[in-house]
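Student:
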Amino acid sequence: MLIGLWIVLGIIVLLLFFFIAIYNGLVGLRNQVKNAWAQIDVQLKRRYDLIPNLVETVKGYAKHEREVFENVTKARNMAQAASASNAAERGKLEGELSSALTRLLAVAEAYPDLKANQNFLALQEELTSTENKISFSRQFYNDTVLRYNNQTQMFPSNIVAGMAGFKAAEFFEVTVPEEKNAPKVSFT
Amino acid sequence: MWEQIRSNRLRSAVLVVFMGVLLLAIGYVVGLYFLGSALGGLAIAAIVWAVMGLLAFFQGDSILLSVSGARKISKADNPQLYNVVEEMTIASGLPKVPDVYIINDPALNAFATGRDADKAAVAITSGLLEKLNRDELQGVIAHEIGHVKNRDVLLMTISAVMLGAIVIISWYTTRVMFWSGGRRSDRRSGGDGGGSIQAILMILGLVLLILAPIFAQLIYLAISRKREYLADASSALYTRYPEGLASALEKLGNSNTQVKAANQATAPMYTINPFAKKRAVNDWMSTHPPVSERVRILRGMGGNSFADYEKAYEQMHKGHGIVPKSALNQNATAQ
C-alpha cells in the first residue's frame, strides 16, 4: 500500500518536473520572439529616419519628380503612424514604403550628377543596408516564430501551452506583390 | 539554433575529455619513465596544459589579432563592411555586433575569433575586401559569424591547446630520451618477476609517446573540417543565398597568394586554409575541406536551410551526414 503511494507520488513529481521544463522552454521562446520583433522595430525606425535625408538630397538634383517624393514621404508617414498596429497591417504599409523607395532610387538612376554625389552614395549604402537588415531581422523573427509556434502546437508541449495560455505568434510578412521577389535593394 | 549549440557543447566535452585522457596518459608515461613517479608526470602534464590554456583563454584573441597585424575599424572607416557585419549579426541573432578588423595584406582570407559571442571579432584581409562584391562579402562574413554562433572558436581553441600540450610534451620527452640513450639504468630495480612486464609497458609507453601527437592532430583536423562545413551551412541559412559564399570561395580558391601572418596554429581560424597551395590537398592532413567540394555542395543546395545543405552534402558523400540531427530539426526556415 505504502509502496503504491510512493510510486504515485514519484510519478506526480516527475510530471511536475516535465511541466516546469516545458513551461520554461516556452517562456524562453516567447521572449526570443519578442526580442526578435524589437529588432525589426529598430531597423524600421532607422529607415524612417533615413528617408527625409534621402529625399532632400535627391530633391537637390531632381526637382521635377515631385510626385515620387510625395509618395515616399506619404508612405513613410503612414508606416510610422501605424507602428503600434499588428504585424499584418504593418507588413502591408512597410511593403508600400519599400516599393515607393524603390521608385525613388530608380528615378535617381537617371541623374548622373546625383549618382556621383558622395552624400548620396553614403545614403544609398545606408539604405541598402537598412533594407537588408529589415529583411534579415524579419527572417530571424519568422524563424523564431516558427520554432515557438511549433512548440505551442506539438505534443506534449501543446498541453502545457494550452494550460498556461501560450498563444501562437504572428509571422511578419511584407505584403506587396511587386516587392515579393525583390526584398533587397541592390545597386552596383 | 540552441539545440545545435547544445549538441556542439556535448561533442566538445567528449573531445576535451578524450584529448585530456591522451594528455594524462602521456604525462603518466613521462612520469614513470623519467621521474620514477607517475604522479609527477601527471602534474607536469596538468601544469603545461593549464598554463597554455589560461594563456589561450585570456590572451588568445589579442595574440591572434596582433600576430596577424589586424587593425580595428569603426563604421566610418568602411561603412559597407561594417554594415554587412551588422546585417549578419541580425540574421544570426547574435547578441552583439562583433568587433571588425582589417588585415593589411593582399592575400585573400578572413577569420573569426572570440571565445564567446560577446567577445567575438571578425577579421578580413584588405585583398579580399577589394575582390568581393557585396553579396560575396556577405557570404564570407556569414561564414565567420557562423563560426562564432556555433562556438567553433572556443572548441578549436581548447582542442588546439590540448594538441599543443601533447605535441610539446612528447616532442621534448622523445628528444631527451634520444640524447640520454634510452632507459636510464638506475630505473631497472623493478623487482625480479616484473622485469619483462615492465619492459613491455615501457615499449607501449614509448609507442604512445610517438603516436599520441599524430593521433591528436588527426582528431583535431577532422573536427576542424567538420566545423567548416557547418559554418558554410550557417552562411547559407543566414544569407538565404548560398551562391554568395560559393562565388566568394571560388575567388579565394583561384588565388595563390598566401597569408603572410598565418602559421599552423592559426590556420583553422581562416575561411580557407592559408597553406593549401594549388596542389591537391591531402584530405586527412588538412584543416579545411577542399574549396571545390565546398562550392559544389553550396551550389547543389535546393533551398537555404540546414536540411538542404545536409541533402547536398549527402549527395556528394554517399550517405554520410555532416549537420547534427538536432540542428536539422531545429533550423527549419520559416519562408
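Quick mapping for you: the protein sequence lines, in order, are chains G and B.
Residues 20 to 207 (the working numbering) are what the first sequence spells out, left to right.
Residues 5 to 339 (the working numbering) are what the second sequence spells out, left to right.
Beta carbons: idealized from backbone N, C-alpha and C, even for Gly.
(1) For my contact list, Val126 (chain B) and Ile149 (chain B) are in at a C-beta cut-off of 8 Å; report their separation, rounded to the angstrom.
(2) Whole angstroms is fine: what's the gap from Leu212 (chain B)'s alpha carbon to Ala226 (chain B)'s?
(3) Leu234 (chain B) and Asn154 (chain B) - do their beta-carbons sit closer together than 9 Å?
(4) Work out the CA separation of Tyr67 (chain G) and Leu148 (chain G) for me, nearest whole Å.
(5) If we count Cβ pairs, one from each stretch, closer than 8 Å, do we get three or more for the stretch 237 to 244 of chain B versus the stretch 306 to 323 of chain B?
(6) Looking at the structure shown, is Gly24 (chain B) part of a helix, part of a strand, or coil, going by DSSP?
(7) Using a Cβ-Cβ cut-off of less than 7 Å, list which residues of the stretch 72 to 106 of chain B approach chain G; keep chain order.
(8) Cα separation between Ile173 (chain B) and Ile30 (chain B)?
(9) Mind listing the chain G neighbours of Arg244 (chain B)? Cutoff is C-beta to C-beta under 8 Å, in chain order.
(10) Alpha carbon to alpha carbon, what distance is there between Tyr80 (chain G) and Phe115 (chain B)?
(11) Starting from the beta carbon of Lys152 (chain G), find every residue of chain B whose beta carbon is closer than 7 Å, and list them in chain order.
(12) Residues in the stretch 125 to 149 of chain G with C-beta within 9 Å of chain B's C-beta atoms, listed in sequence order?
(13) So, under 8 Å CB-CB, Phe185 (chain G) and Thr163 (chain G) are touching, yes? Tell me the CB distance rounded to an integer number of Å.
(14) Give the straight-line distance between the Cα atoms of Arg192 (chain B) and Ile204 (chain B), rounded to the nearest whole angstrom.
(15) What are the complete beta strand (DSSP E) segments, minimum 3 residues, inside the stretch 205 to 254 of chain B?
(16) With DSSP run on the structure shown, which of helix, strand or coil describes Val263 (chain B)?
(17) Here's a check: name, in chain order, each residue in its chain whose Cβ is nearer than 6 Å to the Cβ of Trp288 (chain B), leaving out the five neighbours to either side.
(18) Quick one: what's got a C-beta closer than 7 Å to Val87 (chain G)'s C-beta in the same chain, skipping five residues either side?
(19) Which class does Tyr105 (chain B) belong to by DSSP, given the choice of helix, strand or coil?
(20) Using 8 Å for Cβ pairs, my map puts Gly57 (chain B) next to Val165 (chain B). What's the rounded Cβ distance?
(21) Taking 9 Å as the CB-CB cut-off, is Gln9 (chain G) touching chain B?
(22) Just to confirm, is the Cβ distance from Arg109 (chain G) to Phe159 (chain G) under 9 Å?
(23) Quick one, are the C-beta atoms of Ser251 (chain B) and Asp139 (chain B) less than 9 Å apart?
(24) When every heavy atom of the ligand ZN is checked, does at least one fall within less than 8 Å of the C-beta of Glu232 (chain B)?
(25) Please decide whether Phe155 (chain G) counts as near chain B, where near means a Cβ-Cβ distance under 9 Å.
(26) From which residue to which residue does the alpha helix (DSSP H) around Val126 (chain B) run?
(27) Quick one: what's got a C-beta closer than 6 Å to Asn90 (chain G)'s C-beta in the same chain, skipping five residues either side?
(28) Step through the CB atoms of chain G and report whether any lies within less than 9 Å of the CB of Arg303 (chain B).
(29) Could you give the uninterrupted runs of the alpha helix (DSSP H) lying entirely in the stretch 61 to 103 of chain G, keeping only those of 4 residues or more?
(30) Roughly how many whole angstroms lie between the Cα atoms of Val101 (chain B) and Ile223 (chain B)?
(31) Verify the CB distance criterion: does Arg298 (chain B) have a CB-CB separation below 9 Å to chain G?
(32) Nearest-angstrom Cα distance between Lys111 (chain G) and Glu232 (chain B)?
(33) Based on DSSP bridge pairs, tell me the residues matched to Arg138 (chain B).
(34) Ordered along the chain, which non-local residues of its own chain (more than five positions away) have a Cβ less than 7 Å from that of Gly194 (chain B)?
(35) Taking 9 Å as the threshold (C-beta atoms), are Val104 (chain B) and Leu141 (chain B) in contact?
(36) Where does Lys79 (chain B) fall in DSSP's three states?
Tutor: Put simply:
(1) 7 Å
(2) 20 Å
(3) Yes; because the gap between Cβ atoms is below 9 Å, this pair is in contact.
(4) In the sequence under discussion, the amino acid at residue 148 (chain G) is Ser, which differs from the Leu named in the question. Spanning the two alpha carbons is a distance of roughly 14 Å.
(5) yes
(6) helix
(7) Pro83, Gln84, Asn87, Glu90, Glu91, Ile94, Ala95 and Gly97
(8) 8 Å
(9) Gln158
(10) 42 Å
(11) What Lys152 (chain G) touches in chain B: Glu90, Glu91 and Ile94.
(12) Cβ contacts with chain B: Ala141, Glu144, Glu145, Thr147, Ser148 and Thr149.
(13) About 14 Å separates the beta carbon of Phe185 (chain G) from that of Thr163 (chain G), a gap too long to meet the 8 Å contact definition.
(14) Only weak support is given to the placement of Arg192 (chain B): the predicted model assigns it a pLDDT of 45, under 50, and the question is left unresolved by the model.
(15) none
(16) With a pLDDT of 48 at Val263 (chain B), under the threshold of 50, the modelled position of that residue is not reliable, and the figure given next carries that caveat. In the structure shown, Val263 (chain B) sits in coil (DSSP, three-state: anything other than H, G, I, E or B).
(17) Per-residue confidence for Trp288 (chain B) stands at a pLDDT of 49, beneath the threshold of 50, marking its modelled position as unreliable; the derived number appears in the next sentence. For Trp288 (chain B), where only same-chain residues beyond five positions count, there are no Cβ hits under 6 Å.
(18) Arg122, Leu123 and Val126
(19) strand
(20) 5 Å
(21) The question about residue 9 (chain G) has no answer, for chain G in this structure spans 20 to 207.
(22) no
(23) yes
(24) The ligand ZN is not part of the structure shown, which contains no ligands of any sort.
(25) yes
(26) No alpha helix (DSSP H) holds Val126 (chain B); the beta strand (DSSP E) holding it covers Ala125 to Thr129.
(27) Hits under 6 Å: Ala119.
(28) no
(29) Given a length threshold of 4 residues, each whole run of the alpha helix (DSSP H) inside the stretch 61 to 103 of chain G is given here in chain order: 85 to 100.
(30) 32 Å
(31) no
(32) 39 Å
(33) Beta-bridge pairing by DSSP links Arg138 (chain B) to no other residue.
(34) Bear in mind that the predicted position of Gly194 (chain B) carries a pLDDT of just 44, short of 50, making it unreliable; the figure below should be weighed with that in mind. Excluding sequence neighbours, Gly194 (chain B) sits near Gln202.
(35) Their beta carbons are not under 9 Å apart, which means Leu141 (chain B) does not touch Val104 (chain B) by this criterion.
(36) In this structure, Lys79 (chain B) counts as coil in the three-state DSSP scheme.
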